[in-house]
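Peer 1:
Protein chains: 2
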Amino acid sequence: MEEDPTLQLRVFDLNCWAIRYLSKRLQERLQLIGDTLCQESFDLVLLQEVWSEQDYSVLKEKLGGCYPFSHYFRRGVIGSGLCVFSRFPILDTFLYQYSLNGYPYMLQHGDWFCGKSVGLVVIKISEIVFNIYVTHLHAEYCREKDAYLPHRVVQAWELAQFIRHTSAAADVLLLGGDLNTHPEDVGIRLLRGWTGLRDAFAEAKGFEGCEDGCTLVPRNCFAAKTELQPFPLGVRIDYVLYKATSDFVVKCKELRTTTGTAPGKDIPYSDHEAVMATLHVRRRDGAPGPARGAAGPALADVVNEASAEVRAGLHAARRRRSSSARTAALALLLLLLLLQAAAGLGTLAGWAAARPFPALASCLLALLAGGGLLLAAGLYLFHTVEVRMLQGAEEEMRLALHRCLGAAGAGAGARGRLSL
Amino acid sequence: MEEDPTLQLRVFDLNCWAIRYLSKRLQERLQLIGDTLCQESFDLVLLQEVWSEQDYSVLKEKLGGCYPFSHYFRRGVIGSGLCVFSRFPILDTFLYQYSLNGYPYMLQHGDWFCGKSVGLVVIKISEIVFNIYVTHLHAEYCREKDAYLPHRVVQAWELAQFIRHTSAAADVLLLGGDLNTHPEDVGIRLLRGWTGLRDAFAEAKGFEGCEDGCTLVPRNCFAAKTELQPFPLGVRIDYVLYKATSDFVVKCKELRTTTGTAPGKDIPYSDHEAVMATLHVRRRDGAPGPARGAAGPALADVVNEASAEVRAGLHAARRRRSSSARTAALALLLLLLLLQAAAGLGTLAGWAAARPFPALASCLLALLAGGGLLLAAGLYLFHTVEVRMLQGAEEEMRLALHRCLGAAGAGAGARGRLSL
Numbered sequence: 001m002e003e004d005p006t007l008q009l010r011v012f013d014l015n016c017w018a019i020r021y022l023s024k025r026l027q028e029r030l031q032l033i034g035d036t037l038c039q040e041s042f043d044l045v046l047l048q049e050v051w052s053e054q055d056y057s058v059l060k061e062k063l064g065g066c067y068p069f070s071h072y073f074r075r076g077v078i079g080s081g082l083c084v085f086s087r088f089p090i091l092d093t094f095l096y097q098y099s100l101n102g103y104p105y106m107l108q109h110g111d112w113f114c115g116k117s118v119g120l121v122v123i124k125i126s127e128i129v130f131n132i133y134v135t136h137l138h139a140e141y142c143r144e145k146d147a148y149l150p151h152r153v154v155q156a157w158e159l160a161q162f163i164r165h166t167s168a169a170a171d172v173l174l175l176g177g178d179l180n181t182h183p184e185d186v187g188i189r190l191l192r193g194w195t196g197l198r199d200a201f202a203e204a205k206g207f208e209g210c211e212d213g214c215t216l217v218p219r220n221c222f223a224a225k226t227e228l229q230p231f232p233l234g235v236r237i238d239y240v241l242y243k244a245t246s247d248f249v250v251k252c253k254e255l256r257t258t259t260g261t262a263p264g265k266d267i268p269y270s271d272h273e274a275v276m277a278t279l280h281v282r283r284r285d286g287a288p289g290p291a292r293g294a295a296g297p298a299l300a301d302v303v304n305e306a307s308a309e310v311r312a313g314l315h316a317a318r319r320r321r322s323s324s325a326r327t328a329a330l331a332l333l334l335l336l337l338l339l340q341a342a343a344g345l346g347t348l349a350g351w352a353a354a355r356p357f358p359a360l361a362s363c364l365l366a367l368l369a370g371g372g373l374l375l376a377a378g379l380y381l382f383h384t385v386e387v388r389m390l391q392g393a394e395e396e397m398r399l400a401l402h403r404c405l406g407a408a409g410a411g412a413g414a415r416g417r418l419s420l
Numbered sequence: 001m002e003e004d005p006t007l008q009l010r011v012f013d014l015n016c017w018a019i020r021y022l023s024k025r026l027q028e029r030l031q032l033i034g035d036t037l038c039q040e041s042f043d044l045v046l047l048q049e050v051w052s053e054q055d056y057s058v059l060k061e062k063l064g065g066c067y068p069f070s071h072y073f074r075r076g077v078i079g080s081g082l083c084v085f086s087r088f089p090i091l092d093t094f095l096y097q098y099s100l101n102g103y104p105y106m107l108q109h110g111d112w113f114c115g116k117s118v119g120l121v122v123i124k125i126s127e128i129v130f131n132i133y134v135t136h137l138h139a140e141y142c143r144e145k146d147a148y149l150p151h152r153v154v155q156a157w158e159l160a161q162f163i164r165h166t167s168a169a170a171d172v173l174l175l176g177g178d179l180n181t182h183p184e185d186v187g188i189r190l191l192r193g194w195t196g197l198r199d200a201f202a203e204a205k206g207f208e209g210c211e212d213g214c215t216l217v218p219r220n221c222f223a224a225k226t227e228l229q230p231f232p233l234g235v236r237i238d239y240v241l242y243k244a245t246s247d248f249v250v251k252c253k254e255l256r257t258t259t260g261t262a263p264g265k266d267i268p269y270s271d272h273e274a275v276m277a278t279l280h281v282r283r284r285d286g287a288p289g290p291a292r293g294a295a296g297p298a299l300a301d302v303v304n305e306a307s308a309e310v311r312a313g314l315h316a317a318r319r320r321r322s323s324s325a326r327t328a329a330l331a332l333l334l335l336l337l338l339l340q341a342a343a344g345l346g347t348l349a350g351w352a353a354a355r356p357f358p359a360l361a362s363c364l365l366a367l368l369a370g371g372g373l374l375l376a377a378g379l380y381l382f383h384t385v386e387v388r389m390l391q392g393a394e395e396e397m398r399l400a401l402h403r404c405l406g407a408a409g410a411g412a413g414a415r416g417r418l419s420l
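Sequence lines, in order, name chains A and B.
Counting from 1, one number per residue, gives the positions in the first sequence under our numbering.
Counting from 1, one number per residue, gives the positions in the second sequence under our numbering.
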């Protein structure tokens, strides 16, 4: 660093929308992504929704020349969908799976049996340790009536806690990913406030790309049009965030997004736009400046708001759990009644022969009741997990709030080398 | 610290065996544990297998006077079973759930639908930051033919990685828990080697308790006798481990275990013995001593051994996955054949009336085939998760090995403030 005072780092982040058999023109797009990455030679590539390891292998083979180091985060039935390509050796990796993983979303919205997680990759460039985080938070299905808002707030909180607890040994932190959260939403404000991460779009000296930095835009032919109806310009939900210890300064020199259809092609890279950031990292000369990020009371407001959201979610989850319990009890009762009726009829020999229709009908009804019982019991278990998760997050937030208000900075700052 | 050069910390660790409706004389034992903790006034109490939040609340109420701060880690359907009581304020908490959580064990061994995890609690005493970890690794069911050895090795690895990645901001680390691992097993050697944690039993100046520090002993009337048959003295599977940064020195002054039946009572506290450690923490005067723990090549040997175990497990998991796939295919085939037969017969009107027996028999057979299909599909999904988890751990270990051998210390040491 002494002989080279500024280190330039070029980062590429994209939700690849690589779902085999479902995503449109997948192989073409993967080739396109690979070609672009080879031509542009970034330093770090953070990808999400690469659900198939085969697709990762295709990319890995193609990118092996320019990005000799890579990691695919394996977890869950389908995987985490997260991977990282790097020009610099990867020293260590770690994966944290969020406590709730969209199993009920799958039932309700055709979502994936996936392990939503945050992946951490450690690299070192010129003796500067970088903690690189890549993640994909849960999607928002309906902004007006967003039943899963508390879940996404908890995911943002778990992400923030994971980054806080794992980042003390790093000089520079970098987070890239599809956060499925608008810039003004409580989730991202909580994440930024609690970790001190800064938004590359807001900080960038120069910007080029979709208006307002949007990454889900109507002009992208693969973007879901119905979701974007209330947002004619599109929405910004993919982010590059960063932060340095007090010994270093990170600046975002330039931020770019792709703008729908790829140059010279008839398709875009994905249904999302890619975010490309050029960061400058240098050792700080002289005394560290004032700490950035939300101060005690402002941070407390955000934690308070998030906590209220989680409490509302907890209330709803408890209601859903009770209703599952009632349904399960009803199904069990019906099943028992049918079994008793069958046993009663069974004693009259040849009941099935004499009355074939009621026997078959009862059989079908029993099947239905059994299925209902299983489903209701499964939902009960799920809502129990949900309640516990929300309780756990709420308690962690209460501790956080206590620290924001009580120790006002002193306690929070003392935790790590990274100042808030 | 300057005015009080040595800080004494008394730690109590116990697997409480608090399973409602199953554990023997649970309420009596909880009262006994509570009384003892109040009388002896430790600084920190780390408990495992407190599965019911109600039991935690009972303890919390009882201990509120001596241990005003506490945390119960909520996760999964049943919970994590982990909790911490402390004389000092808890500043922050975090929970990491291991990637595999014993669902198939539950089927095979009547084990629990639990969220096996490691909990982290941050406390600060006289400006020294303590990261306190509490965990419970998966049980060993049969030492001779331990099909789940790779899983336990992976849990030990995930625990080690979690501690490594979250500990850089702490001055002192402390881990207590039921590791279900004998002192010479690869799991604990890997954990100690990769984190640099030291075993309080091995380091203690004075020891009092069961021979060899055993924590599962035949003289405990609740301990499973069949499991202990090959070990007439008992086994040591509950640990207190610790470590400090180079600025601090931690020594274990005394280690004690309970010895079966509680003094003046006719029952023990649990089926495990409690581990009680008295630690002395002081700021190091002068230059830091040589780094402790396994050096590069020795550590590499352990990682290599663990990695071989994981590869063997991966091989077996792939075989199990294939066999589940075959079973599922067979069940599906049978189901389809039965449905086709039923449809064929159905065209002859009144088939059920004419032949009540085959209709009912087919119905039952179809139910059986359907159940078999569901079970086999479930197992297939589970083994897929298992394969991915083992692959992920193996890859992380490969990176670790590379760092042990290649950078021999330099790379590894640079990660955190805590030297290996």
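We put the CB at the ideal spot given by N, CA and C, even for glycine.
Remember, predicted model here, so these are calculated numbers, not experimental data.
(1) Could you confirm whether any beta carbon from chain A is found closer than 8 Å to the beta carbon of residue 20/B?
(2) List the residues of chain A whose Cβ lies closer than 9 Å to the Cβ of residue 465/B, in chain order.
(3) Start and end of the beta strand (DSSP E) containing residue 275/B?
(4) Can you give me the start and stop residues for the beta strand (DSSP E) that residue 206/A sits inside?
(5) According to the neighbour-count rule (16 or more other Cβ atoms, all chains shown, within 10 Å of its Cβ), is residue 108/B buried or exposed?
(6) Where does the unbroken alpha helix (DSSP H) through residue 156/A begin, and where does it stop?
(7) What residues from the region 376 to 390 of chain A come within 8 Å of chain B, judged by C-beta to C-beta, listed N to C?
(8) Quick check on residue 328/A: buried or exposed, where buried means 16 or more other Cβ atoms within 10 Å of its Cβ?
(9) Do residue 59/A and residue 11/A have their C-beta atoms closer together than 8 Å?
(10) Can you find a CB in chain B that lies within less than 8 Å of the CB of residue 303/A?
(11) With a cut-off of 8 Å, does the C-beta of residue 156/B fall near any C-beta of chain A?
(12) If we count Cβ pairs, one from each stretch, closer than 8 Å, do we get three or more for the region 313 to 321 of chain A versus the region 146 to 164 of chain A?
(13) Between the region 64 to 85 of chain A and chain B, which residues of the former have CB atoms less than 8 Å from a CB of the latter, in chain order?
(14) Measure from the C-beta of residue 404/B to each C-beta in chain A and report whether the shortest distance is under 8 Å.
(15) CB-CB under 8 Å to residue 7/A, same chain, minus the five flanking residues each way: which ones, in chain order?
(16) Does any C-beta atom of chain A lie closer than 8 Å to the C-beta of residue 191/B?
(17) Within 8 Å of any Cβ in chain A, is that where the Cβ of residue 221/B sits?
(18) At 3 residues or longer, what runs of the beta strand (DSSP E) sit wholly inside the region 36 to 103 of chain B?
(19) What did DSSP end up calling residue 272/B once you bin it into helix, strand or coil?
(20) Quick one: is residue 298/A buried, meaning 16 or more other Cβ sit within 10 Å of its Cβ, or exposed?
(21) Going along chain A in order, which residues have a C-beta closer than 9 Å to the C-beta of residue 133/B?
(22) Taking the beta carbon of residue 55/B as the centre, do at least 16 other beta carbons fall within 10 Å, making it buried, or is it exposed?
(23) For residue 119/B, does the count of other Cβ atoms within 10 angstroms reach 16, so buried, or fall short, so exposed?
(24) In terms of DSSP beta bridges, what is residue 117/B paired with?
(25) Please compile the residues from chain B whose C-beta is within a distance smaller than 7 Å of the C-beta of residue 396/A.
(26) Specify the secondary structure class of residue 13/A as computed by DSSP and reduced to three states.
(27) Within this structure, are the beta carbons of residue 296/B and residue 401/B separated by less than 8 Å?
(28) Can you list, in chain order, the residues of its chain with a C-beta nearer than 6 Å to that of residue 5/B? Leave out the 5 residues immediately preceding and following it.
(29) So what's residue 170/A in DSSP terms, helix, strand or just coil?
(30) For the alpha helix (DSSP H) containing residue 190/A, name the first residue and the last one.
(31) Within 8 Å (strictly less), CB to CB, does residue 363/B reach chain A?
(32) Strictly under 8 Å for the Cβ-Cβ distance: is residue 166/B near chain A by that measure?
(33) How should residue 226/A be labelled, buried or exposed, when 16 other C-beta atoms within 10 angstroms of its C-beta is the threshold for buried?
(34) If I follow the unbroken alpha helix (DSSP H) through residue 201/B, where does it start and stop?
(35) Hey, residue 135/B and residue 159/B are a contact pair by Cβ (cut 8 Å); roughly how many whole angstroms apart?
(36) What does a CB cutoff of less than 8 Å around residue 203/B pick up in its chain, not counting 5 residues either side in sequence?
Peer 2: Walking through what the data contain:
(1) no
(2) No statement about residue 465/B is possible, as the shown extent of chain B runs from 1 to 420 and does not include it.
(3) 275 to 283
(4) 206 to 208
(5) Low confidence applies to residue 108/B: its pLDDT is 41, below 50, so where it sits in the model is not reliable enough to give any reading.
(6) 149 to 166
(7) 381, 384, 385, 388, 389
(8) buried
(9) no
(10) no
(11) no
(12) yes
(13) 71, 73, 74, 75, 76, 77, 79
(14) no
(15) 1, 125, 126, 128, 280, 281, 282
(16) no
(17) no
(18) 44 to 50, 69 to 72, 83 to 86, 90 to 97
(19) coil
(20) exposed
(21) Here the premise fails: no neighbours, minimum Cβ distance about 12 Å.
(22) buried
(23) buried
(24) 97/B
(25) 93
(26) strand
(27) no
(28) 282
(29) coil
(30) 186 to 195
(31) yes
(32) yes
(33) exposed
(34) 200 to 203
(35) 6 Å
(36) 251, 252
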